[in-house]
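Okay, so here's the structure we're looking at.
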Amino acid sequence: MSTMENIPYSELEIGTAASFSKSLTEDDLVLFARISGDVNPVHLDEAFARDTPFKGRIAHGMWTGSVISAAVATVLPGPGTIYLEQNLQFRRPVRPGDEITVQLTVTGKLDDAKRHVSLDCQVHNQDGVLVARGDARVIAPEWKVRLEKPVLPEILIG
Numbered sequence: 001m002s003t004m005e006n007i008p009y010s011e012l013e014i015g016t017a018a019s020f021s022k023s024l025t026e027d028d029l030v031l032f033a034r035i036s037g038d039v040n041p042v043h044l045d046e047a048f049a050r051d052t053p054f055k056g057r058i059a060h061g062m063w064t065g066s067v068i069s070a071a072v073a074t075v076l077p078g079p080g081t082i083y084l085e086q087n088l089q090f091r092r093p094v095r096p097g098d099e100i101t102v103q104l105t106v107t108g109k110l111d112d113a114k115r116h117v118s119l120d121c122q123v124h125n126q127d128g129v130l131v132a133r134g135d136a137r138v139i140a141p142e143w144k145v146r147l148e149k150p151v152l153p154e155i156l157i158g
């Protein structure tokens with residue numbers, strides 16, 4: 001079983017960086033549509049999507065945003081982090097089969113009493129193309145924790 005460990009506020013420094021990668025599977029696309037209610041055919045219908053400027057299906061923009069959230073929650077600062085704010089610009093489409101990598105970098109420690117931290121967020125695909133960028137503000141954890149990463153149940157789409 002794998003573990004995850006946070007970086008508490010007291011240990012964070014400007015320039016601290018970490019990355020997190022995830023591939024977009026067909027099941028992810030369908031499940032995200034189901035969970036969010038966003039059934040825009042540009043995400044789900046190849047024939048429809050071929051007639052769009054993207055010439056094929058693309059991921060929900062907020063799927064990419066959710067991968068940033070996963071990076072914040074599991075890597076930097078990690079477990080116990082509370083998300084406060086996200087500014088996000090989508091630069092290029094993410095397509096089924098793409099692997100994206102979120103690069104997070106601490107850019108500021110904004111409020112020592114409240115443990116507020118600012119993060120630069122850059123997201124690239126497997127070809128190194130910038131697909132999204134932005135910045136986030138979070139409350140970093142106060143204490144160091146090391147936890148087993150939960151094993152989630154498999155979900156079958158039928």
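Throughout the sequence shown, residue numbering follows UniProt numbering, covering 1 to 158 in sequence.
Even for Gly, the Cβ is constructed at its ideal location relative to N, Cα and C.
query	result
Proximity to L29 [Cα-Cα], best of T16, A17, E5 and W63	W63
Which of helix, strand or coil DSSP assigns to R95	coil
Pair within 8 angstroms by beta-carbon distance, V138 and P77	yes
Spatial distance of L88 from E148 (CA atoms)	30 angstroms
Sufficient close CB pairs (3 or more, under 8 angstroms) joining the stretch 94 to 108 to the stretch 12 to 21	yes
Segments of 3+ residues assigned as beta strand (DSSP E) that fall wholly inside the stretch 55 to 132	82 to 90, 99 to 111 and 116 to 125
For D112 and residue 159, the rounded distance between their alpha carbons	The structure shown does not extend to residue 159, since the chain spans only 1 to 158, so no value can be given for it.
Residues of its chain near G61, where Cβ-Cβ distance is below 6 angstroms and the 5 sequence neighbours each way are ignored	F90
Rounded C-alpha distance that separates L74 from L119	Correcting the residue identity first, residue 74 is Thr in this sequence and not Leu. Roughly 14 angstroms separates the two Cα atoms.
Buried versus exposed call for I82 [16 or more other C-beta atoms within 10 Å across all chains shown]	exposed
Where V39 falls, given that 16 or more other Cβ within 10 Å makes a residue buried	exposed
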